[in-house]
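Line by line, the protein sequences give chains F and H. Numbered per our numbering, the first sequence finishes at 605, counting up by one with no gaps. Numbered per our numbering, the second sequence finishes at 605, counting up by one with no gaps. C-beta atoms are modelled at their ideal positions from N, C-alpha and C, and glycine is treated no differently. The structure displayed is predicted, hence computed values, not measured ones.
Number of protein chains: 2
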Amino acid sequence: MVHKFNLERPLEEREESVLGALVYEFINTGKPVGSRSFVQKYSFSISPATMRNIMVDLENMGFLMQPHTSAGRIPTDLGYRFYVNSLLDNYDFSHRDNVQVNEDLLNNELLLDKLFLSVIKMLSFMSKYAGIILTPRSDFAVVKRIELILLDNNDVLMILVARTGIVMTKKVSVSSNLTQDELYEYSRYLSTELSGYSLNEIREGIFDKLRAEKSIKMGKDIALDIAELALSETREAELSIEGIENLLKIPEMVQEERLSSLLNIIEEKNILKKIMEKIVENDGVKILIGQEINETKVSGCSMVATSYKISNKKVGAVGVLGPTRMDYEKVVPLVDYSGKIISDYLTKMSM
Amino acid sequence: MVHKFNLERPLEEREESVLGALVYEFINTGKPVGSRSFVQKYSFSISPATMRNIMVDLENMGFLMQPHTSAGRIPTDLGYRFYVNSLLDNYDFSHRDNVQVNEDLLNNELLLDKLFLSVIKMLSFMSKYAGIILTPRSDFAVVKRIELILLDNNDVLMILVARTGIVMTKKVSVSSNLTQDELYEYSRYLSTELSGYSLNEIREGIFDKLRAEKSIKMGKDIALDIAELALSETREAELSIEGIENLLKIPEMVQEERLSSLLNIIEEKNILKKIMEKIVENDGVKILIGQEINETKVSGCSMVATSYKISNKKVGAVGVLGPTRMDYEKVVPLVDYSGKIISDYLTKMSM
DNA sequence: ATTAGCACTCTCTATATATGAGTGCTAATA
DNA sequence: TATTAGCACTCATATATAGAGAGTGCTAAT
Numbered sequence: 255m256v257h258k259f260n261l262e263r264p265l266e267e268r269e270e271s272v273l274g275a276l277v278y279e280f281i282n283t284g285k286p287v288g289s290r291s292f293v294q295k296y297s298f299s300i301s302p303a304t305m306r307n308i309m310v311d312l313e314n315m316g317f318l319m320q321p322h323t324s325a326g327r328i329p330t331d332l333g334y335r336f337y338v339n340s341l342l343d344n345y346d347f348s349h350r351d352n353v354q355v356n357e358d359l360l361n362n363e364l365l366l367d368k369l370f371l372s373v374i375k376m377l378s379f380m381s382k383y384a385g386i387i388l389t390p391r392s393d394f395a396v397v398k399r400i401e402l403i404l405l406d407n408n409d410v411l412m413i414l415v416a417r418t419g420i421v422m423t424k425k426v427s428v429s430s431n432l433t434q435d436e437l438y439e440y441s442r443y444l445s446t447e448l449s450g451y452s453l454n455e456i457r458e459g460i461f462d463k464l465r466a467e468k469s470i471k472m473g474k475d476i477a478l479d480i481a482e483l484a485l486s487e488t489r490e491a492e493l494s495i496e497g498i499e500n501l502l503k504i505p506e507m508v509q510e511e512r513l514s515s516l517l518n519i520i521e522e523k524n525i526l527k528k529i530m531e532k533i534v535e536n537d538g539v540k541i542l543i544g545q546e547i548n549e550t551k552v553s554g555c556s557m558v559a560t561s562y563k564i565s566n567k568k569v570g571a572v573g574v575l576g577p578t579r580m581d582y583e584k585v586v587p588l589v590d591y592s593g594k595i596i597s598d599y600l601t602k603m604s605m
Numbered sequence: 255m256v257h258k259f260n261l262e263r264p265l266e267e268r269e270e271s272v273l274g275a276l277v278y279e280f281i282n283t284g285k286p287v288g289s290r291s292f293v294q295k296y297s298f299s300i301s302p303a304t305m306r307n308i309m310v311d312l313e314n315m316g317f318l319m320q321p322h323t324s325a326g327r328i329p330t331d332l333g334y335r336f337y338v339n340s341l342l343d344n345y346d347f348s349h350r351d352n353v354q355v356n357e358d359l360l361n362n363e364l365l366l367d368k369l370f371l372s373v374i375k376m377l378s379f380m381s382k383y384a385g386i387i388l389t390p391r392s393d394f395a396v397v398k399r400i401e402l403i404l405l406d407n408n409d410v411l412m413i414l415v416a417r418t419g420i421v422m423t424k425k426v427s428v429s430s431n432l433t434q435d436e437l438y439e440y441s442r443y444l445s446t447e448l449s450g451y452s453l454n455e456i457r458e459g460i461f462d463k464l465r466a467e468k469s470i471k472m473g474k475d476i477a478l479d480i481a482e483l484a485l486s487e488t489r490e491a492e493l494s495i496e497g498i499e500n501l502l503k504i505p506e507m508v509q510e511e512r513l514s515s516l517l518n519i520i521e522e523k524n525i526l527k528k529i530m531e532k533i534v535e536n537d538g539v540k541i542l543i544g545q546e547i548n549e550t551k552v553s554g555c556s557m558v559a560t561s562y563k564i565s566n567k568k569v570g571a572v573g574v575l576g577p578t579r580m581d582y583e584k585v586v587p588l589v590d591y592s593g594k595i596i597s598d599y600l601t602k603m604s605m
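What follows is the structure in structure tokens.
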């Protein structure tokens with residue numbers, strides 16, 4: 255159970271099935287669910303009046319609400335919460351084969367950003383909502399090789415090839431005049447000394463240790479200076495969204511209140527970023543409904559997201575942003591699977 | 255003159271000034287312009303009745319239209335066309351200093367994609383519309399250095415550093431087992447032989463020439479095979495859009511017809527791509543209004559765009575996508591200047 | 001050629017009314 | 001005691017009507 259309901263009494267089995275069916279119905283039709291047609295459509299063997307009584311109870315318990323006095327019922331965020339909980343409880347994470355994803359897409363992306371972009375584009379295309387990803391901080395990267403290249407007299411380009419095959423670059427300015435031949439030598443030296451270490455580890459004192467070594471030759475300290483400078487800045491985790499246009503095709507999203515809520519969330523990426531950072535800590539697929547995303551700024555939006563790993567270390571998160579009335583049943587396996595293929599891909603490359 | 259008007263008679267001076275002012279007024283207010291208040295606000299020394307007569311003439315000539323019989327006038331696409339033509343005619347391209355742009359933003363971007371992303375993000379932020387860019391095909395890149403790195407037994411990573419400092423990577427699979435030491439040697443060989451040539455030139459027969467050289471040592475042909483394979487694929491020009499959310503804040507864009515038109519254009523990137531490809535050929539800022547973008551699929555949108563160059567060779571295009579009722583006066587210098595700084599930046603780095 | 005005057009047009013807003021899907025409540029029923 | 005039938009009630013939606021206001025087109029006078 256992701257979320258504990260604070261109820262005066264547990265739901266009866268009949269109430270549960272009504273609530274589940276009602277959320278399902280609303281997700282599919284988008285219209286308030288009225289007692290009569292609902293009983294018919296789902297072949298409940300009770301009368302509309304009884305259904306109304308149940309609905310009143312569910313409303314009192316906070317699962318349903320009425321848009322206006324004489325309308326049918328729609329789920330509250332809590333109602334969705336009930337629905338997705340049982341969805342997640344019953345979801346078999348070992349059966350993801352029914353998700354059709356084009357993995358070849360990823361196999362030739364060596365630039366981290368393009369790789370992640372491909373994933374969320376695919377995700378937004380498959381889900382018809384928006385794909386969102388939190389990229390890893392660069393700390394995780396393990397050095398395979400370092401190359402220094404002279405750009406002009408005072409600028410050196412450092413190319414870092416991570417064990418994953420991913421390439422990072424950084425330009426640093428140096429005061430002394432260097433030749434490319436010197437840089438070749440430094441490259442060899444740095445590659446030898448630093449390969450196998452993660453950027454994390456490197457920042458924690460390796461440079462001092464190397465500087466202290468007796469065998470250090472003249473000039474090597476310049477190499478160390480360059481490397482330290484280039485590696486000093488951590489590449490922050492970044493949040494990207496793709497496929498906003500999908501959300502605009504959903505009528506209920508293109509309404510005054512919802513739209514501004516959506517714009518809020520897209521513009522202030524920090525909100526999403528913080529949420530995704532929490533999801534990185536999480537195992538399995540997590541669903542956030544409406545206010546669970548942000549108390550004040552969000553209404554009508556939900557997120558389905560999961561973390562991804564490199565060799566068992568959770569380094570980022572990926573997911574889908576859509577309307578509260580989302581096809582969770584379809585999206586959950588999709589997100590789950592996406593997290594898996596990113597993890598597998600990154601892990602495979604780092605071994 | 256970008257566009258020739260096919261008129262029965264030339265516009266009188268008074269008509270011109272009315273038309274100009276009317277478009278200006280409509281861009282600012284968004285409401286149909288009526289004769290009475292218009293005459294007052296712009297201190298025309300004619301009566302509303304005379305103004306109405308002029309308006310009728312301008313309407314007959316196709317510059318104006320009425321949303322309904324008893325409303326004021328709004329510009330047609332042709333009306334906008336007249337307005338922007340005189341705007342462009344009078345625009346002094348040598349005075350762009352009043353545009354405040356954060357150039358530092360760009361100075362440390364070595365990955366092409368991130369550089370361009372930064373530019374259109376800036377552009378969308380400054381204009382409050384959407385920024386769009388067509389990236390160059392990779393052909394233009396001039397090799398500075400090539401590095402081959404062994405990823406695993408059969409995969410080699412090729413890193414190409416262009417003279418601009420921009421880094422491109424490509425993974426290739428090889429059949430024979432290679433050692434990193436061999437690859438070091440190949441790297442040196444390829445860097446020596448290929449540096450100074452553009453990818454264009456390289457694809458046109460350099461490999462055959464090198465293979466024919468007598469001095470070729472055993473193994474070098476493998477190096478050439480790898481390089482030829484890695485460089486065979488041209489990186490296509492890509493179209494990116496940023497800041498769609500800005501467009502959603504504009505009330506007139508969030509309306510049934512306009513919105514779907516906007517989605518069309520964003521989704522079928524090929525439409526925009528083709529247009530931008532035409533703009534690459536162009537000198538100076540070009541403005542496309544409504545149907546000029548696409549006869550059938552677009553209404554209510556305009557584009558302001560310009561090409562950018564590397565050392566006088568036009569390689570891409572950058573611009574702004576917004577509503578027809580756009581603040582052209584503000585956007586034109588912005589786009590112009592953006593093109594300039596991209597050109598300057600890329601050119602500077604390639605010298 | 002310009003303008004004043006005036007009837008006319010059309011959107012917008014407000015108000016009234018009918019329709020229908022759906023509710024809550026009460027009393028009868030199994 | 002739980003369920004159901006019956007019925008009055010509610011409210012969004014749709015339609016019709018009327019008045020106000022901004023603006024036009026046309027005609028006749030300047």
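Taking all protein chains shown into account, do 16 or more other C-beta atoms lie within 10 angstroms of the C-beta of residue i, making it buried, or fewer, making it exposed?
| i | result |
| --- | --- |
| K424(H) | buried |
| A219(H) | Lying outside 255 to 605, the shown extent of chain H, residue 219(H) is not represented and no answer is given. |
| P587(H) | buried |
| P264(H) | exposed |
| K540(F) | buried |
Who are the Cβ neighbours of residue i in its own chain at under 7 angstroms, not counting the five residues just before and after it?
| i | result |
| --- | --- |
| N407(F) | N431 |
| I596(F) | V373, Y562 and V572 |
| M315(H) | L261 |
| I489(H) | For the sequence presented, residue 489(H) should be read as Arg rather than Ile. Within the same chain, R489(H) has close Cβ partners R391 and S392. |
| E447(H) | L464 |
Grouping DSSP H, G and I as helix and E and B as strand, with all else coil, what is residue i?
| i | result |
| --- | --- |
| K424(F) | strand |
| A395(H) | coil |
| D581(F) | coil |
| G573(H) | strand |
| P587(H) | helix |
| E487(F) | coil |
| M315(H) | coil |
| T560(H) | strand |
Hey, is residue i's beta-carbon within less than 8 angstroms of any beta-carbon in chain H?
| i | result |
| --- | --- |
| D598(F) | no |
| V520(F) | Per the sequence shown, the amino acid found at residue 520(F) is Ile instead of Val. Cβ-Cβ to chain H under 8 angstroms: yes for I520(F). |
| L405(F) | yes |
| V410(F) | no |
| I498(F) | yes |
| V508(F) | yes |
| Y401(F) | Reading off the sequence, residue 401(F) comes out as Glu, not Tyr. So yes, E401(F) belongs to the interface. |
Measure from the C-beta of residue i to each C-beta in chain F and report whether the shortest distance is under 8 angstroms.
| i | result |
| --- | --- |
| D346(H) | no |
| K503(H) | yes |
| K425(H) | yes |
| G333(H) | no |
| E439(H) | no |
| I413(H) | yes |
| D367(H) | yes |
Report yes if the C-beta distance between residue i and residue j is below 8 angstroms; otherwise report no.
| i | j | result |
| --- | --- | --- |
| A395(F) | S452(F) | yes |
| I520(F) | K551(F) | no |
| V272(H) | L312(H) | yes |
| K398(H) | V410(H) | no |
| T560(F) | V585(F) | no |
To which residues of the same chain is residue i closer than 6 angstroms at the C-beta, ignoring the five residues directly before and after it?
| i | result |
| --- | --- |
| A481(H) | L444 |
| P390(F) | V569 and G570 |
| T601(H) | I564 and S565 |
I'd like the list of long-range same chain contacts for residue i, defined as Cβ closer than 8 angstroms, with 5 residues on each side in sequence excluded.
| i | result |
| --- | --- |
| V287(F) | L276, E279, F280, G326, R327 and I328 |
| R306(H) | S289 |
| G274(F) | F336, Y337 and S340 |
| E511(H) | S553 and G554 |
| M255(H) | Confidence in M255(H) is poor, its pLDDT being 42 and thus under 50, which makes the residue's placement unreliable; the coordinate value appears in the next sentence. Excluding positions up to five away in sequence, the list reads N339 and D343. |
Is residue i close to the ligand MN? I mean its beta-carbon at under 7 angstroms from any heavy atom of the ligand.
| i | result |
| --- | --- |
| L513(H) | This structure lacks the ligand MN, and indeed carries no ligand of any kind. |
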